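These notes are about the structure you will find just below.
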Amino acid sequence: MADTLLTEGSAAKGKDFSKNRNHAATAPAYFSVWDLHAYYGESYIVQGVSFNVHEGEILALLGRNGAGKTSTLRAIARMDEPMVTHGEIWLDHQHLHDRKSYEAAQLGMALVPEDRCIIQGLTVEENLQLAQIVEPVGWSLERVYELFPRLKERRKQEGTTLSGGEQQMLAIARALVRDIKVLLLDEPYEGLAPVIVDEIEKTLNIIKEQGITTVIVEQNAVRALQLADRAVILDTGSVVYDGTANEVLENEALRNEYLAI
Ligand SMILES: Nc1ncnc2c1ncn2[C@@H]1O[C@H](COP(=O)(O)OP(=O)(O)OP(=O)(O)O)[C@@H](O)[C@H]1O
Ligand SMILES: [Mg+2]
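Number 769 marks the last residue of the sequence shown (this note's numbering); no jumps.
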C-alpha cells in the first residue's frame, strides 16, 4: 500500500485527494509528477500537472509568462507556497508529495531558483561549504572547481559580487555539493550573454553525463530545447504538450501557439 497522501493542512482545504494509490508500482520513470494541483491562497495555479523523467534525462519545462512553470517547480520542491492539495511526486522510488522541502532536499531534490539566492557576506567557498553542512554530501569542492574553474579563481570573493553568469554557476555548484538526483533550474540563462549561456550549457551536459536528471525552465526556449531530450509545455497550469524536444523545435505551429517563438 502506498503511504497516505499529502498533509493535514492540505486535507483541511477539502480538495479531492487520491487515496492509497501507489503510482510508483506502475510508473517506470525515475522521476514522476502525477496530477499535481497547487494553490497560492485561493488562487488555483498548478492545475493537474503530470510528467515522467527518466534517469539522466534533461527535460525542458516551457510555457509563456505566467503559465505556471515556477509554481510547478516550487510545488515539486515542496516549498510552502504554492500549497500542494493533490497529486504525487516520486523520485527514485521515494514519495516526496507528503514531505517538507528539507526532506525532499535530503532525498535528492535540488531547486536552483531564478534569483539564485547566493548568501550575502559569504565568499564563494563559504557558500559551498555551508551547502555541505547537511548530510548527505555530494561532489567535493575540488570536483565542482574542476567543473567551474571560474569559481575556483574567485573562491575567496564574496558570492554576491560575482557576475550574473558566475552567480548562476555558484548556484548550480551549491546544488552539486549536496548529493542530488534531480536538478530543477528556474531560468538559469536569464540575463546572461550568449557566450556565458554556452559555458553553462556545456556544464549541464557534463552534469548529465554524471547521471543527474535535470528539469530546466527557460524563457530562452530554443536554447533549452537544444539542450533537452524532452519537453513539457504548460499553459495556464496544465500540460498541453509532452514529447521530444526536437519535435517542438520542428513544429512551428506548436511553438507559435504556446511559446510565442
Ligand atoms: N505568490 C503568488 N501568489 C499568488 N499568485 C501567484 C504567486 N506567484 C505566482 N502567482 C501566479 O501564478 C501564475 C503562474 O506564475 P508562475 O510564476 O508559476 O509562472 P511562470 O510560468 O514561472 O512565469 P514566468 O515565465 O513569468 O516566470 C501567474 O498567474 C502568477 O500571477
Ligand atoms: Mg517563472
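Beta carbons: idealized from backbone N, C-alpha and C, even for Gly.
No experiment lies behind these values; they were computed from the predicted model shown.
With 16 other Cβ atoms within 10 Å as the buried cut-off, status of residue i
i: residue 696; result: buried
i: residue 761; result: exposed
i: residue 620; result: buried
i: residue 635; result: buried
i: residue 533; result: Note that residue 533 scores 48 on pLDDT, short of 50, meaning its location in the model is unreliable; the coordinates nonetheless yield the value given after this. Exposed, by the Cβ-count rule.
i: residue 571; result: buried
i: residue 641; result: exposed
i: residue 540; result: buried
i: residue 679; result: buried
i: residue 645; result: exposed
i: residue 608; result: exposed
i: residue 583; result: buried
i: residue 580; result: buried
i: residue 683; result: buried
i: residue 549; result: exposed
i: residue 758; result: exposed
i: residue 766; result: buried
i: residue 768; result: exposed
i: residue 643; result: exposed
i: residue 531; result: Because residue 531 sits at a pLDDT of 45, beneath the cut-off of 50, its placement in the model cannot be relied upon, and the point is left open.
Beta-carbon proximity check, residue i vs residue j, cutoff 7 Å
i: residue 745; j: residue 566; result: no
i: residue 602; j: residue 615; result: yes
i: residue 547; j: residue 600; result: no
i: residue 639; j: residue 703; result: no
i: residue 748; j: residue 741; result: yes
i: residue 693; j: residue 714; result: no
i: residue 753; j: residue 568; result: yes
i: residue 700; j: residue 667; result: no
i: residue 613; j: residue 604; result: no
i: residue 647; j: residue 596; result: no
Of the listed residues the options, nearest to residue i (C-alpha basis)
i: residue 681; options: 642, 548, 550 and 656; result: 656
i: residue 625; options: 664, 677 and 646; result: 677
i: residue 717; options: 608, 735 and 679; result: 735
i: residue 555; options: 665, 544 and 563; result: 544
i: residue 687; options: 733, 622, 709 and 617; result: 617
i: residue 560; options: 751, 763 and 582; result: 751
i: residue 721; options: 541, 563, 540 and 759; result: 563
i: residue 755; options: 739, 606 and 587; result: 739
i: residue 663; options: 622, 632, 768 and 706; result: 632
i: residue 674; options: 691, 623, 719 and 690; result: 623
i: residue 691; options: 585, 768, 707 and 706; result: 585
i: residue 726; options: 558, 557, 665 and 578; result: 578
i: residue 719; options: 711, 689 and 728; result: 689
i: residue 733; options: 763, 711 and 707; result: 763
i: residue 728; options: 698, 709, 712 and 706; result: 698
i: residue 598; options: 672, 558 and 658; result: 558
i: residue 707; options: 587, 658 and 737; result: 658
Closer than 7 Å to chain B by CB, residue i
i: residue 678; result: Looking at the structure shown, chain B is missing, and only one protein chain is on hand.
Check whether the region 646–663 and the region 578–595 are in contact - that is, three or more C-beta pairs closer than 8 Å.
no
Starting from the N-terminal end, write out each residue whose C-beta falls within a distance shorter than 5 Å of any non-hydrogen atom of ligand 1.
548, 551, 553, 573, 574, 575, 576, 577, 578 and 579
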